[in-house]
Amino acid sequence: MHRPTARFSLPAALFAVLTLTALLGLAAAPALAAGASSDESELADGKAHFYSAKIDGVTVKYFLVKTPDGVVRAAFNACDVCYPEKKGYAQDGGFMVCANCGQKFPLAKVGLIKGGCNPAPLAHAEENGKVVIGEDALRQGLQFFK
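To convert, note that position 40 of the sequence shown is 38 in this note's numbering; the numbers rise steadily by one, no gaps.
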């Protein structure tokens, strides 16, 4: 008797996992007022935390992550290339992975490299244990989310 065997496609499985992770992460993103802040202590787990803010009626999405070297990284949940697909990024260990094209970016480079499929850098400040994202900084990413 011959039993059918399932064929396993690693790229397809990876794509499915990243897409679901990104969608679930985006669905749970807390909405903050423009120019709001979040506690830096929330980032101690080393995981990307996703947020959104309304600017001129547009929901701007971004993420914060604290790398092992203690640096807080901030980026829009979009890039110059894949933003029309509105899929954003998901974290895979020490990397942020584009949920559209699958490119991986080391956490230590988030917020430093601009252009291409890199997560678009987002200006931020750290004040009294809080990570502050100003309204003007959020406006810089409006084009990714319209």
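Every residue gets a Cβ at the ideal spot worked out from N, C-alpha and C, and that includes glycine.
Bear in mind the structure is a predicted one, so any value in this text is a computation, not a measurement.
Count the other CB atoms, across all protein chains shown, that sit within 10 Å of the CB of residue i; report buried if there are 16 or more and exposed otherwise.
| i | result |
| --- | --- |
| K144 | exposed |
| G86 | buried |
| C99 | exposed |
| A121 | exposed |
| P66 | exposed |
| A46 | buried |
| A123 | exposed |
Would you say residue i and residue j are within 9 Å of each other, going by their C-beta atoms?
| i | j | result |
| --- | --- | --- |
| V130 | S35 | yes |
| A72 | Y60 | yes |
| N75 | P117 | yes |
| L136 | V58 | yes |
| D37 | K128 | yes |
| V69 | G114 | no |
Please name the residue, chosen from the options, that lies closest to residue i on a Cα-to-Cα basis.
| i | options | result |
| --- | --- | --- |
| F93 | D37, E124, F142 and V63 | V63 |
| K102 | A88, D134 and P82 | A88 |
| A97 | Y81, G91 and A106 | Y81 |
| Q138 | D90, D67, V95 and I53 | I53 |
| E133 | H47, G55 and C77 | G55 |
Consider the C-beta atom of residue i and the heavy atoms of the ligand MG; say whether any pair is separated by less than 8 Å.
| i | result |
| --- | --- |
| V58 | Among the components of this structure there are no ligands whatsoever, and the ligand MG is therefore not found. |
At 3 residues or longer, what runs of the beta strand (DSSP E) sit wholly inside the stretch 102 to 127?
Here the runs fully enclosed are 102 to 104 and 123 to 125.
Could you tell me which whole beta strand (DSSP E) segments of length 3 or greater appear in the stretch 58 to 85?
Qualifying beta strand (DSSP E) stretches, in chain order: 70 to 74.
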